[in-house]
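One structure below.
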Amino acid sequence: MGMQAKFILFAVPCIAVFIGVISFVTIQREEDLLLHDVTQQGLGIARISSVLFTNASIYESLGMVDSTGMTDYLDYFVADVMRLDARIVYFMVFDTEGRVIAHNNLREYGRIHSDEATVAALGATEPLITLKDNADLGPHLDIAVPLTIGSKRWGACRIGYSLNVMYQGLRTLRSEVLGISGAMLLVALALVWYAGRHFSRPLTALTRTMNDITARGDLTAPIRELPAREDEIGVLQASFLWMVARLRDAERERLRSIEGMHQAEKLASIGQLASGVAHEINNPLGGVILCFRNLTAGGMDEDARRQHEKVIDDGLEKIRRIVGELMHYARPSPLAVSETRIEDLFASSRALVEFTLQRKGVALVSHVAQDVPPLFIDPDKMGQVILNLVLNGADAMPAGGTLTLDARIVENEVRITVSDTGPGVAPEHRERIFDPFFTTKPSGSGTGLGLAVSTAIVSRHGGTLTLAPQDQPEPDTTAEEGVATPASSTGATFVIRLPLARDIP
Numbered sequence: 023m024g025m026q027a028k029f030i031l032f033a034v035p036c037i038a039v040f041i042g043v044i045s046f047v048t049i050q051r052e053e054d055l056l057l058h059d060v061t062q063q064g065l066g067i068a069r070i071s072s073v074l075f076t077n078a079s080i081y082e083s084l085g086m087v088d089s090t091g092m093t094d095y096l097d098y099f100v101a102d103v104m105r106l107d108a109r110i111v112y113f114m115v116f117d118t119e120g121r122v123i124a125h126n127n128l129r130e131y132g133r134i135h136s137d138e139a140t141v142a143a144l145g146a147t148e149p150l151i152t153l154k155d156n157a158d159l160g161p162h163l164d165i166a167v168p169l170t171i172g173s174k175r176w177g178a179c180r181i182g183y184s185l186n187v188m189y190q191g192l193r194t195l196r197s198e199v200l201g202i203s204g205a206m207l208l209v210a211l212a213l214v215w216y217a218g219r220h221f222s223r224p225l226t227a228l229t230r231t232m233n234d235i236t237a238r239g240d241l242t243a244p245i246r247e248l249p250a251r252e253d254e255i256g257v258l259q260a261s262f263l264w265m266v267a268r269l270r271d272a273e274r275e276r277l278r279s280i281e282g283m284h285q286a287e288k289l290a291s292i293g294q295l296a297s298g299v300a301h302e303i304n305n306p307l308g309g310v311i312l313c314f315r316n317l318t319a320g321g322m323d324e325d326a327r328r329q330h331e332k333v334i335d336d337g338l339e340k341i342r343r344i345v346g347e348l349m350h351y352a353r354p355s356p357l358a359v360s361e362t363r364i365e366d367l368f369a370s371s372r373a374l375v376e377f378t379l380q381r382k383g384v385a386l387v388s389h390v391a392q393d394v395p396p397l398f399i400d401p402d403k404m405g406q407v408i409l410n411l412v413l414n415g416a417d418a419m420p421a422g423g424t425l426t427l428d429a430r431i432v433e434n435e436v437r438i439t440v441s442d443t444g445p446g447v448a449p450e451h452r453e454r455i456f457d458p459f460f461t462t463k464p465s466g467s468g469t470g471l472g473l474a475v476s477t478a479i480v481s482r483h484g485g486t487l488t489l490a491p492q493d494q495p496e497p498d499t500t501a502e503e504g505v506a507t508p509a510s511s512t513g514a515t516f517v518i519r520l521p522l523a524r525d526i527p
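Using this note's numbering, you'd call the opening residue of the sequence shown number 23 and step up by one each time.
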């Protein structure tokens, strides 16, 4: 969720709650004011009426007005007041016994009221105001005012003051307030959306620029132009651009360093290769040159001449073999991948070296775990690797011994081990054992390219070729019937790890 959406989701509820609270408070305040105003109006009418009724009662008690005139006066006043204010729903006057002496309903004359409101009004010294609601009259105020002067009482008057008009006005006001609140909320939403978009736009642009660099992973790619700003976002943009500039400088420096290292490694490799080639070729070449000079000088018998020719032939053959292996190491041919069983790989290697191993007194045993599936590899090149490791192991055991070939699945990969019972690899030679032209064999017995070529072949299959540590022998393979005793942990163990996946990189 983007910053703009978060800002809107936070601001809109806050604004809606604020507008709702303001609307509620406004409506409640208006209701209280209207109710107070209506109450004061009804109370004013009741007070004025009580003064007139009290005076009329005094005049009657003094004999200045007879009872008939008194009744006519009260009836006229009640009718006139109700005509002038339609909110008055009833108007009644009681004497001290609760008998009706004036009423807007003529059938109520002479009736004695003993209800709680009338009794309370006759005994009160101050006006009584009660909020009532019934089906006939609706919500109204019952206002009762005693007719008294000092301690003298002549009765009480009660009026019913309707609140229908007030509530109708409140409903209208509520609708208007809700409409205005809705309009304000919509305007607020628009303003919040605009503000969120306005303030998040530079951050969005900066984020997009950062994502472009992250997605491409290329610090040298052009950066989107960011408009200059004078606020905190501008500071963030400037810091980001400064950081990118520093990273670009660091990246350029890193690339220069890597290029220098590559050049140094190339020069070192070329020097090492040239040194190895010169050493391997110079030895037989010196013999060839010496024999050639002796032949051209003449004066030797037939046997000596044939011996010199054989030395020249052997020397040239060795030079040819060194150059051929060097070309194969430098420019390997493409892989011809096919589904190959490890058992077949071991069997073909055994067939090629069986006579040589018998002559040297070396026993070859092999074992392939039942769960090892066929692999998609180049059988010829992987056979070349197995064959080279087997011959190296046989050369390391001139007095005879045992070679063990083992294949099993370990940690979701096929692990092939070639172990011998020879003296092993000296600690000072372990780091260089896979270097081109490095060999521990006597001079003239090898070119030193076999393990380097084998490592390259295994690597092209997506695997690795390593020399197992001297103190970490491979797992025992004697658990299954018919499997010979594995090679001793004192010898050398080479480990080939190949992926189970079909695709070869």
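Yeah, the Cβ is synthetic: ideal placement off N, Cα and C, and Gly gets one too.
Could you tell me which of the options sits nearest to residue i, measuring between CA atoms?
{"i": "VAL394", "options": "LEU379, GLY422, ARG430", "result": "ARG430"}
{"i": "GLN380", "options": "LEU163, MET419, GLU365, THR362", "result": "MET419"}
{"i": "SER173", "options": "PHE368, VAL187, ALA146", "result": "ALA146"}
{"i": "VAL517", "options": "THR439, VAL447, GLU450, SER481", "result": "THR439"}
{"i": "GLY444", "options": "GLU376, ALA38, GLY513", "result": "GLY513"}
{"i": "GLY423", "options": "ASN410, SER370, ALA286, VAL387", "result": "VAL387"}
{"i": "ILE303", "options": "VAL266, ASN316, ILE341", "result": "ILE341"}
{"i": "VAL100", "options": "THR90, ILE80, LEU74", "result": "LEU74"}
{"i": "ARG196", "options": "ILE49, SER136, VAL34, GLU365", "result": "ILE49"}
{"i": "ASP366", "options": "MET86, ILE334, VAL333, GLY405", "result": "GLY405"}
{"i": "ASN434", "options": "THR515, VAL359, ARG519", "result": "ARG519"}
{"i": "ILE129", "options": "MET349, LEU153, ASP137, ASP97", "result": "Sequence check: residue 129 is Arg here, not Ile. Taking only the C-alpha atoms, the option nearest ARG129 is ASP97."}
{"i": "ALA416", "options": "MET349, LEU397, THR515", "result": "THR515"}
{"i": "ASN414", "options": "ALA474, ALA205, ASP325, MET265", "result": "ALA474"}
{"i": "ARG372", "options": "ASP325, LEU427, THR461, PRO356", "result": "LEU427"}
{"i": "PHE108", "options": "VAL60, MET349, THR236", "result": "The sequence shown places Ala at residue 108, not Phe. The candidate whose alpha carbon is nearest that of ALA108 is VAL60."}
{"i": "TYR189", "options": "ASP54, ILE255, ALA490", "result": "ASP54"}
{"i": "SER476", "options": "ASN316, VAL407, ILE334", "result": "VAL407"}
{"i": "GLY232", "options": "PRO401, LEU208, TRP264, PHE46", "result": "It is Met, not Gly, that sits at residue 232 in the sequence shown. The shortest C-alpha separation from MET232 is found at TRP264."}
{"i": "CYS346", "options": "GLU252, SER441, LEU471", "result": "Here the sequence assigns Gly to residue 346, which means Cys is not the residue at that position. Of the listed residues, the one whose Cα sits closest to GLY346 is LEU471."}
{"i": "VAL199", "options": "ILE41, ARG328, ALA78", "result": "ILE41"}
{"i": "THR378", "options": "ILE399, GLU361, LEU409", "result": "LEU409"}
{"i": "ASP402", "options": "ARG230, GLY446, LYS382, SER355", "result": "SER355"}
{"i": "GLU453", "options": "THR194, ALA478, LEU489", "result": "LEU489"}
{"i": "THR152", "options": "HIS135, HIS58, ARG223, ASP102", "result": "HIS58"}
{"i": "VAL412", "options": "LEU211, GLU376, THR194", "result": "GLU376"}
{"i": "GLY256", "options": "ALA272, ARG268, LEU269, PHE221", "result": "PHE221"}
{"i": "GLU450", "options": "THR461, SER441, ASP442", "result": "THR461"}
{"i": "SER492", "options": "ILE202, MET86, CYS36, GLY446", "result": "A quick correction: the sequence has Gln, not Ser, at residue 492. Nearest of ILE202, MET86, CYS36, GLY446 to GLN492, Cα basis: GLY446."}
{"i": "MET349", "options": "PRO458, SER72, ARG278, GLY120", "result": "PRO458"}
Going by the beta-carbon positions, is the gap between residue i and residue j smaller than 8 Å?
{"i": "THR118", "j": "LEU159", "result": "no"}
{"i": "GLY182", "j": "VAL115", "result": "no"}
{"i": "MET104", "j": "ASN126", "result": "yes"}
{"i": "VAL141", "j": "GLY132", "result": "no"}
{"i": "GLU480", "j": "LEU425", "result": "The sequence as given places Val at residue 480; Glu does not occur at that position. Cβ atoms of VAL480 and LEU425: not closer than 8 Å."}
{"i": "ALA68", "j": "ILE171", "result": "no"}
{"i": "LEU150", "j": "LEU185", "result": "no"}
{"i": "ILE225", "j": "PHE262", "result": "Here residue 225 turns out to be Leu, not Ile, going by the sequence shown. Against a cut-off of 8 Å, the Cβ pair of PHE262 and LEU225 comes out as no contact."}
{"i": "TRP176", "j": "THR76", "result": "yes"}
{"i": "VAL209", "j": "ALA33", "result": "no"}
{"i": "VAL333", "j": "PHE368", "result": "no"}
{"i": "PRO396", "j": "ARG437", "result": "no"}
{"i": "ILE30", "j": "GLY218", "result": "yes"}
{"i": "CYS179", "j": "VAL167", "result": "yes"}
{"i": "ARG327", "j": "LEU338", "result": "no"}
{"i": "HIS330", "j": "ILE399", "result": "no"}
To which residues does DSSP link residue i through a beta bridge?
{"i": "ASP164", "result": "THR152, GLY182"}
{"i": "MET114", "result": "HIS125, ARG180"}
{"i": "ARG519", "result": "ARG437, THR486"}
{"i": "LEU169", "result": "GLY177"}
{"i": "ILE134", "result": "ARG121"}
Which stretch, first to last residue, makes up the beta strand (DSSP E) that contains residue i?
{"i": "SER360", "result": "360 to 362"}
{"i": "GLU435", "result": "435 to 441"}
{"i": "ILE455", "result": "First-last for ILE455: undefined, no H or E at that position."}
{"i": "ALA429", "result": "423 to 431"}
Assuming residue i is part of the alpha helix (DSSP H), what are its boundary residues?
{"i": "HIS451", "result": "449 to 452"}
{"i": "SER481", "result": "472 to 482"}
{"i": "ASP402", "result": "401 to 417"}
{"i": "GLU138", "result": "138 to 145"}
Can you find a C-beta in chain B that's less than 8 Å from the C-beta of residue i?
{"i": "THR378", "result": "Chain labels in this structure do not include chain B; a single protein chain is all it has."}
Margin query: Quick check for students: name the residue ranges of the alpha helix (DSSP H) that lie wholly in the region 362 to 399, counting only runs of 4 or more.
Written below: With a minimum length of 4 residues, the unbroken runs of alpha helix (DSSP H) contained wholly in the region 362 to 399 fall at 364 to 382.
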